[in-house]
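Peer 1: A single structure is presented below for examination.
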Amino acid sequence: MPSEIRTSDGELLSVKLKKVERRRRTTAFLLAAPLLFFIIFAYLIPIFQMLGRSIDNVQMHEFLSDTHDVMQTWDGSEMPGEDVTSIFFYELKGLVEEKNHGKIATRLNYEKGGFTSLIKKTARKLDDFDENANFLDQFIDVHKKWGDIEYWLALKRGTDAYHYRKYLTTFDFEQKYDGSIERIPEKKRINVTLWLRTIFVAAGVTFCCFLLAYPISHLLSVLPTRYSNLLMICVLLPFWTSLLVRTSSWMVLLQKQGVLNDTLVSLGIVADEGRLELMYNMTGTFIAMTQILLPFMVLPLYSVMKTIPPSLMRAATSMGATPFHAFRKIYFPLTYAGISAGSILVFVLSIGYYITPALVGGAKGTLISNRIAYHMQQSLDWSLATAMATVLLIAVLIVYWLYNKIVGIDNMRLG
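Plus 879 on top of the position in the sequence shown (first one is 1) and you've got this note's numbering.
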């Protein structure tokens, strides 16, 4: 039996190699640890918190836990009895003393409009209640809305710890009090329109960027280095300028009394009273977003075109192919990787764009990202905002999955 090979210090070589390999892996992990922790704390944890907030109603459930429990025995076919109204009275009174009644008023108002004023008015009158009298009658005396059974049904539904109703609202559906799911009234349907508009704008901007970026990238790839470098600086120049500044410059250019319209009027191309409407509509959104996102299409295309030997086109034409046929059969297929990489970059960025549509698009250029910001900043319906953001995230992941299936993520070339 052969003897084990040992190192100069008498240690087995196999053991020594394992120690070295373990040390190497530990060093690699420690070097990557800051990036790993950054991804976990700055990316993954916020995403999971967002997913949880879209269905989370635990705080409301804790505020009115006894009311929620007793309401489970109420079938909702008629007005609630004393067992429900009395417990709700005492819990509401406790919340008023803790100054938390405003929180449940806001939350219940998402379930049914008018709850904010109803809770606040009732809170001011709780000290006048007679604990030996009928609580339901006293609630109705304070405000007639307590005589509407829908408010009690909304109260029952609004105290659930978790629910998925915000995802229904995201697509203009609602869950009725009996559990059935229906479309919301037509005059309130806005979300589906915004989703379709967002997808249309993202696809349209991606296509416009492709049409503009392809010849630019080709020119960059065939020019001598001294000229291509100068042109590349022009492509990269927008990255050195604030997005807000670039968007504001488009507002100056495109407005009715802006530089572009003034130039067209001075040249006699359009009449002064017929100035073009390029701001606060879809036209302005397309123009501004295409210019801002154009570099994200140019760079992947350029990185692919630079690797294509010019001799391929010369060989094709020397064998009798027309320039167009050689381009269509030889050159264009070789740029698929750059086209797909640039397209997914532009599409994913544009589908979640916020500042540019908000400033340039106006009401007609509003996208789903603007609606998310509205619910975060104005309506304060964070559950609905996070539900919309979650759907948007899922849409991006689907696009990424399709790209990986069709093209392969390993073929992505970004420069």
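Just so you know, even glycine gets a beta-carbon here, dropped at the ideal spot from N, CA and C.
These numbers come from a predicted model, not from an experiment.
To which residues of the same chain is Tyr1279 closer than 6 Å at the C-beta, ignoring the five residues directly before and after it?
Peer 2: Result list for Tyr1279: empty, nothing under 6 Å.
Peer 1: Less than 6 Å between C-beta atoms, sequence neighbours within five positions excluded: which residues of the same chain meet that for Arg1044?
Peer 2: Answer for Arg1044: Gln1054, listed in chain order.
Peer 1: Count the other CB atoms, across all protein chains shown, that sit within 10 Å of the CB of Asn1011; report buried if there are 16 or more and exposed otherwise.
Peer 2: Classification for Asn1011: exposed.
Peer 1: Per DSSP, Glu1061 is paired with what?
Peer 2: The partner list for Glu1061 (beta bridge, DSSP) reads Glu1053.
Peer 1: For Met880, count neighbouring C-beta atoms within 10 Å of its own C-beta (all shown protein chains included) and say buried if the count is 16 or more, exposed if not.
Peer 2: Residue confidence is low: Met880 scores 42 on pLDDT, short of 50, so the model does not pin down where it sits. Its coordinate-derived value is still stated next. Met880 is exposed by the Cβ-count criterion.
Peer 1: What does DSSP give as the partner residue(s) for Tyr1030 in the beta ladder?
Peer 2: Beta-bridge pairing links Tyr1030 to no other residue.
Peer 1: To the nearest whole angstrom, what separates the beta carbons of Glu990 and Ala1033, a pair I think is in contact under 8 Å?
Peer 2: Yes, Glu990 and Ala1033 are in contact; Cβ-Cβ is about 4 Å, under 8 Å.
Peer 1: Asn1283 by DSSP, collapsed to three states: which one?
Peer 2: Of the three classes helix, strand and coil, the one that applies to Asn1283 here is helix, per DSSP.
Peer 1: Thinking C-alpha only, which one of Phe1086, Ala1194 and Trp1129 is nearest Leu1224?
Peer 2: That would be Phe1086, whose Cα lies nearest to the Cα of Leu1224.
Peer 1: Please work out which residues of its chain come closer than 6 Å, Cβ to Cβ, to Thr1001, disregarding the five sequence neighbours upstream and downstream, and give them in chain order.
Peer 2: Counting only Cβ-Cβ distances below 6 Å, and skipping sequence neighbours, we find Val1021.
Peer 1: Count the CB pairs spanning the stretch 1181-1197 and the stretch 1157-1172 that are closer than 8 Å, and state whether there are at least three.
Peer 2: No, the stretch 1181-1197 does not touch the stretch 1157-1172.
Peer 1: Using 8 Å for Cβ pairs, my map puts Ser1297 next to Gly1231. What's the rounded Cβ distance?
Peer 2: Residue numbering for the chain in the displayed model covers 880 to 1294; residue 1297 lies beyond these limits and cannot be assessed.
Peer 1: What number of angstroms, rounded off, separates the C-alpha of Asn936 from the C-alpha of Ala1242?
Peer 2: The straight-line gap from Cα to Cα measures roughly 32 Å.
Peer 1: Looking at the unbroken alpha helix (DSSP H) that takes in Met1158, where does it start and where does it end?
Peer 2: Where Met1158 is concerned, there is no enclosing alpha helix (DSSP H), given that its DSSP letter is neither H nor E.
Peer 1: Buried or exposed, going by whether 16 or more other CB atoms sit within 10 Å of the CB of Asn1108?
Peer 2: With fewer than 16 other Cβ atoms within 10 Å, it is exposed.
Peer 1: Is there contact between the stretch 1265-1279 and the stretch 1046-1060, where contact requires at least three CB pairs shorter than 8 Å?
Peer 2: Touching, per the Cβ criterion.
Peer 1: Check Tyr1043 in the structure and name its three-state DSSP category.
Peer 2: It is coil, neither helix nor strand.
Peer 1: Using a Cβ-Cβ cut-off of 6 Å (strictly less than) and excluding sequence neighbours within five positions of Val1183, which residues of its own chain qualify?
Peer 2: Within the same chain, Val1183 has close Cβ partners Thr1214, Ala1216, Gly1217 and Arg1292.
Peer 1: Identify whether Met880 lies in helix, strand or coil by the three-state DSSP scheme.
Peer 2: Confidence is the limiting factor: at Met880 the pLDDT is only 42, short of 50, which leaves the residue's position unreliable, though a coordinate-based value still follows. Three-state DSSP puts Met880 in coil, outside helix and strand.
Peer 1: Rounded to whole angstroms, what is the Cα-Cα separation between Val894 and Arg904?
Peer 2: Distance between the alpha carbons of Val894 and Arg904 is about 15 Å.
Peer 1: For Thr1235, I'd like the list of residues in its chain whose CB is within less than 6 Å of its CB, leaving aside the five on either flank, ordered along the chain.
Peer 2: Counting only Cβ-Cβ distances below 6 Å, and skipping sequence neighbours, we find Thr1126, Ala1167 and Met1168.
Peer 1: Between Asn1160, Asp1027 and Lys972, which lies nearest to Arg1003 when the distance is taken from Cα to Cα?
Peer 2: Closest by alpha carbon: Lys972.
Peer 1: For Gly955, which residues from the same chain have a beta carbon less than 6 Å from its beta carbon, with the 5 sequence-adjacent residues on both sides left out?
Peer 2: The answer, listed in chain order, is Leu1032.
Peer 1: Looking at the secondary structure, which residues open and close the alpha helix (DSSP H) in which Met939 lies?
Peer 2: Unbroken alpha helix (DSSP H) run through Met939: Val937 to Phe942.
Peer 1: Taking the alpha carbon of Leu1075 as the reference point, which residue from Arg901, Thr1245, Ala1252 and Leu1263 has its own alpha carbon closest?
Peer 2: Residue Thr1245 is the option with its Cα nearest to Leu1075.
Peer 1: If you drop the 5 nearest sequence neighbours on each side, which residues of the same chain put their C-beta closer than 6 Å to that of Trp953?
Peer 2: Contacts found: Pro959 and Val963.
Peer 1: Reducing DSSP to helix, strand and coil, say where Val1168 ends up.
Peer 2: According to the sequence displayed, residue 1168 carries Met and not Val. Residue state, collapsed to three classes: helix.
Peer 1: Using the C-alpha atoms, what's the distance from His980 back to Leu974?
Peer 2: Spanning the two alpha carbons is a distance of roughly 5 Å.
Peer 1: From what residue to what residue does the alpha helix (DSSP H) around Gln1017 run?
Peer 2: Element bounds for Gln1017: Phe1014 to Val1021.
Peer 1: Taking the alpha-carbon positions, what's the Val1084 to Phe1165 distance?
Peer 2: About 6 Å.
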